[in-house]
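Encoded as structure tokens, the structure appears first; notes follow it.
Numbering (our numbering), first residue to last: 180 to 585.
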């Protein structure tokens, strides 16, 4: 390990470049030169197999940085090297990525310096696969790609042409320009919400009938949690107010847990005072029992009807006091999706409505996937079916673009 090579790069963004063992490994040198010319700090991480194709000394010379090629290196500056590399990365690029490493990434296997670093990083992952056409088309490889895409990884698909083995088809490492464009796009996102004070609401609310029973809904809170996590990764100062959910607190986010709509109203409106952007993804109950029972109601004593009263409309109240804030709301609908979203956009002074089609089996509430339309004053954008993590990215892209225009 060449730990003596260090240099203060100031505020230059850092790309950790993972290189795996295939014939296209030499192209990582060209990628490195292009990134360095862009003013990017590049730190190379190589599998043992990659060192058979290109020497660490070459990457060390091109980057003027230490090159990590083994878990057993002993860098003087970092007691746990794969963790320090993971934390330094603004973007983690793996180019070329073999089918073997692709499978490791999909399953969370971490048995070398590259895969342990990839598992530990919070940075966006850009993967440029390269392999034989039959390996690329194999069902296992395609499954692994779907898994990684659903987690938010950016896949720069291989080009078609003659392969090193003589076969012709998909599998050649993508054109360097395409890989660079993907990395530059991710670097642009890294801090596009830097310093923005953001409030995100998420999950359901539970309105007690008695200490055991409640009125609620099937919202999992996943979309809101992913939005909060993605926004924090992009530099926002995020407060997440969530109803009951099994999800763990997102990293780098101030999370407040509540149960009822009244509790969510109180906490969210307090956070609203200093928020610049609000993403209201919570599925707040519209009604609550007027007089909850202090004790469990026995079946034989249960009333034939439960009197309900309206809960506060948190988003409408925010819209009425909007000022210069950006407000994003959600509309869970089963019919006339866009029409209902446009009504909500106007009625609550929103800037964007994420119109969610919850009438499609297997999508929406309690699912990992969604089909939505983004509805704003500028028009509509129909998104294809995607994971909720990918949807969070789309929403933060919209917010980042809006911040850039302001």
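Glycine included, C-beta positions come from ideal geometry on N, C-alpha and C.
Who pairs with residue i in a beta bridge, going by DSSP?
i, result
"residue 561", "552"
"residue 566", "548"
"residue 587", "Outside the shown range of the chain (180 to 585) lies residue 587, about which nothing can therefore be said."
"residue 488", "467"
"residue 444", "BP columns for residue 444 are empty, so no partner."
"residue 462", "383"
"residue 196", "223, 272"
"residue 420", "380, 435"
"residue 506", "457"
"residue 670", "The structure shown does not extend to residue 670, since the chain is modelled only from 180 through 585, so no value can be given for it."
"residue 393", "387"
"residue 247", "224"
"residue 334", "306"
Is it the case that the Cβ atoms of residue i and residue j are separated by a distance below 8 Å?
i, j, result
"residue 574", "residue 417", "no"
"residue 568", "residue 216", "no"
"residue 149", "residue 524", "This structure leaves residue 149 out entirely; the chain is present only between 180 and 585."
"residue 451", "residue 377", "no"
"residue 549", "residue 570", "yes"
"residue 456", "residue 504", "yes"
"residue 408", "residue 572", "no"
"residue 398", "residue 462", "yes"
"residue 278", "residue 320", "yes"
"residue 284", "residue 294", "yes"
"residue 352", "residue 270", "no"
"residue 444", "residue 394", "no"
"residue 194", "residue 214", "yes"
"residue 350", "residue 311", "yes"
"residue 373", "residue 414", "yes"
"residue 460", "residue 406", "yes"
"residue 268", "residue 300", "yes"
"residue 202", "residue 249", "no"
"residue 501", "residue 391", "no"
"residue 535", "residue 559", "no"
"residue 272", "residue 362", "yes"
"residue 613", "residue 521", "Only positions 180 to 585 of the chain appear in this structure, which leaves residue 613 out of reach."
"residue 296", "residue 332", "no"
"residue 220", "residue 192", "yes"
"residue 401", "residue 576", "no"
"residue 236", "residue 211", "no"
"residue 561", "residue 375", "no"
"residue 471", "residue 371", "no"
"residue 435", "residue 403", "no"
"residue 204", "residue 224", "no"
"residue 527", "residue 508", "yes"
"residue 396", "residue 544", "yes"
Identify the continuous beta strand (DSSP E) that holds residue i and give its terminal residues.
i, result
"residue 535", "531 to 536"
"residue 377", "376 to 381"
"residue 305", "304 to 308"
Starting from residue i and walking both ways along the alpha helix (DSSP H), at which residues does that stretch end?
i, result
"residue 433", "Segment 433 to 436 is the beta strand (DSSP E) holding residue 433; no alpha helix (DSSP H) there."
"residue 222", "Looking at the DSSP string, residue 222 is not in any alpha helix (DSSP H); the run it does join, the beta strand (DSSP E), is 220 to 225."
"residue 297", "292 to 299"
"residue 482", "First-last for residue 482: undefined, no H or E at that position."
"residue 323", "318 to 329"
"residue 415", "Unbroken run through residue 415: none, as it is neither H nor E."
"residue 234", "Run containing residue 234: none; DSSP gives neither H nor E here."
"residue 214", "206 to 216"
"residue 289", "Looking at the DSSP string, residue 289 is not in any alpha helix (DSSP H), and its letter there is neither H nor E."
"residue 366", "355 to 369"
"residue 263", "260 to 267"
"residue 499", "493 to 499"
Beta-carbon of residue i versus every beta-carbon of chain B: anything under 8 Å?
i, result
"residue 310", "Structure shown: chain B not included; a single protein chain is present."
Does the count of Cβ pairs from the stretch 354 to 371 and the stretch 301 to 321 closer than 8 Å reach three? yes
Count the C-beta pairs between the stretch 460 to 470 and the stretch 484 to 493 that are closer than 8 Å, then say yes if the count reaches three, no if not. yes
Are the stretch 339 to 348 and the stretch 421 to 434 touching by the rule of at least three beta carbon pairs closer than 8 Å? no
Inspect the CB distances between the stretch 224 to 235 and the stretch 190 to 208 and report whether three or more fall short of 8 Å. yes
Is the stretch 438 to 453 in contact with the stretch 372 to 387, if contact means three or more CB pairs nearer than 8 Å? yes
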